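Protein chains in written order, with the numbering used here: chain A, 19 to 604; chain B, 12 to 259; chain C, 401 to 820. Where is the CB? At the ideal position from N, CA and C, for every residue including glycine. It should be emphasised that the depicted structure is a prediction, and the values quoted were computed from it without experimental measurement. Let me begin by presenting the structure, written as structure tokens, before commenting on it.
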Amino acid sequence: MARRERPVDVVLVGFGWTAAIIAQELTDAGVQVLALERGEFRDTVPDFATDTIQDELRYAVRKQIFESPERETLTFRNSADQTALPMRHLGSFLPAAGVGGAGVHWNGQCWRFLPQDFEIRTHTEQRYGRKFIPESMNLQDWGVTYDELEPHYDRFEYLCGVSGIAGNIGGVKQPGGNPFEGARKRGYPLPPLKRSASTVLFDKAAREAGFDPFPCPAANASKPYRNPLGVQMGQCTYCGYCEWFGCGNYSKASPQTTILPVLLKKDNFSYRTRCNVTRVNTDNTGKRATGVTYVDVDGNEVEQPAGMVVLCAFAQHNVHLLLLSKIGTPYDPTTGRGVVGRNYAYQITSSVDVFQKEILNPFMGAGALGQGVDNFNGDNFDHGPLGFIGGGYIALWNTGGRPILQHYLPEDAPTWGSGWKKAMHDNYLTATSIATHGSVMSYRSNYLDLDPTWRDEYGNPLLRLTFDYQPNEHAMSDFLTDQATKIAQAIPGATHHVKKRDGHYSIVPYQTTHNTGGAAMGADPTTSVVNRYLQSWDVPNLFVMGASVFPQNAGYNPTGTVGALTYWAAEAMKRYLKNPGPLVTA
Amino acid sequence: MSMRDSERGKHGHGDSPLRTSRRTFLKSVVAATPALGLLGCGSHHGAAQAWAPVYFTPEEAAFIDAATQRLIPADDLGGGANEAGITAFIDLQLAGAYGRAERWYMQGPWPRGIDQQGFQLKYTPAQIYRDAIGRMEAHCRQQHGKPFAQLDPARQDDLLHALENGKVDLGEIPAKTFFTMLWQNTQEGYLADPAYSGNRDFAGWKLIGFPGPRYNYVEDIENFGKPYEAPFVSLVGRDPSAYLRGES
Amino acid sequence: MNARLGIAITLALGFAGLCAAGAVAANASTSARTSPGPHASVQHGRYLVRAGDCMACHTASNGAPYAGGRAVPTPFGTIYSTNITPDPDTGIGRWDGDDFYRAMHQGIARDGHRLYPAFPYPWFTKLSRDDVRDIKAYLDTRAPVRQRDIAPKLPWPLSMRSAMAAWDAMYFDAGSYQANPEKPAQWNRGAYLVRGVGHCSACHGDKNFAGAVDADHPLGGGFAEHVFAPALTGGKRDGLGQWSEQDIVDYLGTGRNAITTAAGPMAEVVSQSTRYLSEPDLRAIAVYLKSLPAPPQDDVADADAAVMRRGAALYLDNCEGCHLRGGTGETGAFPRLRDSSAIQAEQPDTLIATILRGDAVPATDADPTGLAMPAFGQRLDDGDIAALTTYIRQAWGNRAGAVSSKDVKDLREKLHRNPN
């Protein structure tokens, strides 16, 4: 018999970026909020202290900073004719565990999506005609526009202290910034990070190739920064241990460095760690959430009643919870009906390694220290002759030079032996790589559901992922790679090695942790799980946060958009709490 | 209602699996080995203490010595795997959480999948090494009448290439899987922080020019094209070997 | 005549401070009252109790507020703070105004026994009668707690209270603050706060063998338990010579200024006490402190070159991530180490303790972050820390004495025995 806790106004599942933002917003409005985190508490000191955190083997190779598959994993297959098998090691993506979530170990690459990205279906039909969209592609508008999200992007950027140069203020192009970005009201809160030798190399070559490079926007503070909540950040010192590590000197934006000092002092906020939520509970109508059930650190089942429930766990974990809780109609790929689990997407990446002679000192880096071009993102270019939908940015990221995992060797380097030693010796300080970061659309055949065979320690079915890259994504990615190659070719005295993304999607090599979808937002309840305010169509006192709600993924890292949507949804939640009920009538 | 005390998130910093003091850092690497001892603050052992295998049998250690010395040989660019202490590194890793696959999903059943679905063996790294080395040695004795370590280098290289290309039968464990794991761990042993007993005296970092963990490059990052000159450093200071011996 | 004038000025200043703090509805300049009403008296008393940080000693960790029982280590033994809640049997509930004034002004308890100067009556003696009355008015509103006082652990003959009569005779002069008529009101207010309720030189003053502060050189720096409280006189190197008045106001009011952040016991003093002081009072303290002349600077011997090299290496490897190259720190985030009076304090104990144990900026409403420094005590041994602190104290134009391994070892052991 589950123990029952005292009710709270709002319970949040998870305590990462979206939970920290929602908690801060709602507690300011006088609401009583409880966050339930399955991992442990973590803070800059002692957990990410400068004298212990730069340990590549422990955190990046043995992956001790992430969730372990031993505790939570999913099953995977490329297509429905295969049997899904458990992801036994982490590889392709790296979900977090612990307070702060992936906000602790991200790089800080902090982008806005393009205005067209939010209305991609309408825009594509208008520009290219309906037939341009493949039958199997579930291309969907988001139900919200860039203009509606603009002030919320701004809020997230100023919360984080993003370092960059705006490219478009109020419709006026700004020199030095991204000429393709959507209009913004004002510039970034901090100037760009310092440039490194490799980003300077890329900048020159990209201009040579006829493109428009700019400093990539970085949630790594270029100067000490005090955010609007009064929380103080330090400045980035280019230590080269950003992604997959916590920041030791308060310069990477995370819940810990931007929100928690204020949030944790509030009387109307509390959190519990080592509590794994296993169900969202609803009443016998199925239309009202009554709270959640979780398993605490001692293995006891606990019922936590709440007036409102917000799913703030990592993208696919939110979907898993909806499926286990039987909220919303699960997606059935054979009939195409149902919504929960539908429209799962990811990111498609490729690279061109560059070998030249100038000493680059790659180990001096920062997670979002990069120079990029956006000429081939979204619909910034004419897709008509090319025949695919989507795009991405091309960038040289100088995130670090960690010896085990961050070195580039020429294609003909021997895999081991003295030849390998020589290749390492000759190339470590001088090689670099140009990355492409492309969108992935949603398809009927890519989805999330519950596995019929494998279970977790609580006896719940694991989430099952069915996903593969489609011809559209390969075509787009190859095109991006060709453009990246042009840039590589413009680097004087350099040779390069083109590494296209070939074949089926594999869960083995790391690519990105940009898992999206499964609980899509939209205007149409037959193709979305939540409405434009991220409120469940089926259960009005349930909201779903995070990249779970992306109907498809764009050509940018998702966190900036996740942050903006969270602020947008928080405003809607405040309206909801004053006047409970569906915020949108379908 | 005030939400304090029992409801308020309580946490001890000892909670965190991420924080290690110098003493517990070494503990986590060394397991319970009496050979290296448990080094704590204020504990200084007078005599130098050499590593002795914790997981490997002497024969397995000899195999790893020989195999890794071919993977990363001594040559005009510097010492090889043995000089870098890679066998010690791998031994200690296999004796610890990595060897026991503590963070992997190890529930059955165990159907084989396609490459895209990744590792689907029911064996831990420690078991894989033991099994594979045993079968490799059996293969060597059968084919060449000697254990691997006594073959000449050219023959050893041939065998490693054969492993790499899946041309050796290791029973349930695909040869490529063992080779990939061995080569991966060898590279780790060469390039991980010397605190983990490999990369002795910064052998791997000296080869490539990686200075070690430093936190501030604000003044250096814009010195384009200039080599970075500061001495090598590790998580346990500039003299990791002395530290590991308990002398610093 | 001067004494009464002094008291009148003090009263007026007290009211001015009160009004500025916004704690009182009645405005002294327009009120018909000549003494505050009971509510105003309690509010003013609360202000003074915070200013005096009574809580710090009179509340044990996890103890009831003001119920005493906290061990106060002194060089002579341990004294336990007393119960100053209004409990009639175990607290001061039966004490009337005169009893309380005698304790604060003369260091004599209600039953006539002498108090030990671990209770800073040599400073509280300066308080005006009205201020003492208001303090008692506030304490009378605290929850009474039944908790017997713990007897002090002092060796004989110090355990005899009558020994205190001799000490008082030699080292203590009772007497309220006498305003200096040649100084402006603001200076006098600052002096009154610093020398009286603030009892700053209880830590920041050098103490003789008997534990009495050197009256000729108060605020020249001194030990507070195992931490060295730096000089607050005008020295440029290790005093407040480089601080502006605003720096002092910011430091006491928020725990941080452009130069440094409050560390160690001062972090607690800021978060429990000085951050509640009114802006005019903070400014008065700053004016007073800035008026204190610089003492003659001692010569400092050059540290050994090998030690400096070792220290420089350790600084590069361990400290630059936050304090950056050249000890510049980061404005608003991490303290500057170059040209720092805290770093160049005559005694390096605070610096060593901070490196051994780490520290955190006090979190306040104005600055909630609580930026922290990790502990390096396990990572660096005594020789390392000696070299590192010597380097920091002599690099970048800093000029303070070298630190020995023994200094570090001794402090490490002391901290281990007394983790507070």
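In the DSSP annotation of this structure, the continuous segment of the alpha helix (DSSP H) that includes Ala565 of chain C starts and ends at 562–571. Residue state for Glu94 of chain B is assigned as helix, using DSSP reduced to three classes. Exclusion of the five residues before and after Thr674 of chain C leaves Leu652 as the residues of its chain whose Cβ lies within less than 6 angstroms of its Cβ. For Asn227 of chain B, the chain A residues whose Cβ falls inside 8 angstroms of its Cβ are Thr255, Tyr256, Cys257, in order along the chain.
Between Asp784 of chain C and Trp643 of chain C, the alpha-carbon positions lie close to 31 angstroms from each other.
The C-alpha of Gln586 of chain C lies about 15 angstroms from the C-alpha of Gln646 of chain C. Against Arg779 of chain C, the close residues of chain A are Asp69, in the order they occur along the chain (beta-carbon pairs closer than 8 angstroms).
Listed along the chain, the chain B residues whose CB falls inside 8 angstroms of the CB of Glu720 of chain C are Arg225, Tyr226, Asn227. Per DSSP, the continuous alpha helix (DSSP H) segment holding Phe74 of chain B begins and ends at 69–82. Residue burial is scored here from C-beta neighbours: Tyr116 of chain B has at least 16 other C-beta atoms within 10 angstroms and is therefore classed as buried. DSSP links Ala307 of chain A through a beta bridge to A:Thr300. It is roughly 37 angstroms from the alpha-carbon of Ala441 of chain A to the alpha-carbon of Thr91 of chain A. Annotation: Cβ neighbours of Arg249 of chain B in chain C (cutoff 8 angstroms, chain order): Ala713, Asp717. About 19 angstroms separates the Cβ atoms of Val670 of chain C and Asp749 of chain C, ruling out a contact at the 8 angstroms cut-off.
Residues of the region 121–132 of chain B that bring their beta carbon within less than 8 angstroms of a beta carbon in chain A comprise Pro122, Gly124, Ile125, Asp126, Gln127, Gln128, Gly129, Phe130, Gln131, in sequence order. Three or more beta-carbon pairs drawn from the region 531–548 of chain A and the region 152–160 of chain A are found closer than 8 angstroms, and the two stretches are therefore classed as touching.
For Tyr480 of chain C, the pairing in a beta bridge is given by DSSP as C:Ala471. Under the three-state reduction of DSSP output, Cys257 of chain A falls in the strand class. Residues of chain B with a Cβ closer than 9 angstroms to the Cβ of Val218 of chain A are, in chain order, Phe235. In the pairwise beta carbon analysis, the region 202–220 of chain B is classified as touching the region 434–453 of chain A: at least three pairs are separated by under 8 angstroms. Interface with chain A (9 angstroms Cβ-Cβ cutoff): Thr660 of chain C is excluded. Only buried fits Glu175 of chain B, as 16 or more other CB atoms lie within 10 angstroms of its CB. By the criterion of at least three beta-carbon pairs nearer than 8 angstroms, the region 557–568 of chain A is in contact with the region 325–339 of chain A. Using beta-carbon distances, Ala214 of chain B does not count as an interface residue toward chain C, since no partner is under 9 angstroms. Take the alpha-carbon of Arg213 of chain A and the one of Pro235 of chain A: they are about 12 angstroms apart. Distance from Arg514 of chain C to Asp568 of chain C at the Cβ level is roughly 7 angstroms; contact confirmed, criterion being Cβ atoms closer than 8 angstroms. By the 16-neighbour rule on beta-carbons within 10 angstroms, Ser691 of chain C is exposed. Contact residues of the region 191–218 of chain A toward chain B are Lys212, Arg213, Ser214, Ala215, Val218 (C-beta to C-beta distance below 8 angstroms). Under the Cβ criterion of 9 angstroms, Gly419 of chain A is counted among the residues facing chain B.
Inter-residue distance for Ile366 of chain A and Ala705 of chain C is about 56 angstroms (C-alpha atoms, whole angstroms). Exclusion of the five residues before and after Arg106 of chain A leaves Pro87, Thr91 as the residues of its chain whose Cβ lies within less than 8 angstroms of its Cβ. Neighbourhood of Val526 of chain A in chain B, by CB distance below 9 angstroms: Asp126, Gln127, Gln128, Gly129, Phe130, in chain order. Taking the CA atoms as reference points, Leu427 of chain A sits about 41 angstroms from Gln250 of chain A. Counting C-beta pairs with one atom in each stretch, the region 204–220 of chain A and the region 183–194 of chain A have three or more that are closer than 8 angstroms, which means they touch.
Where Ser288 of chain A is concerned, the enclosing beta strand (DSSP E) starts and stops at 287–290.
Residues of chain C with a Cβ closer than 9 angstroms to the Cβ of Val244 of chain B are, in chain order, Ala713, Leu716, Asp717.
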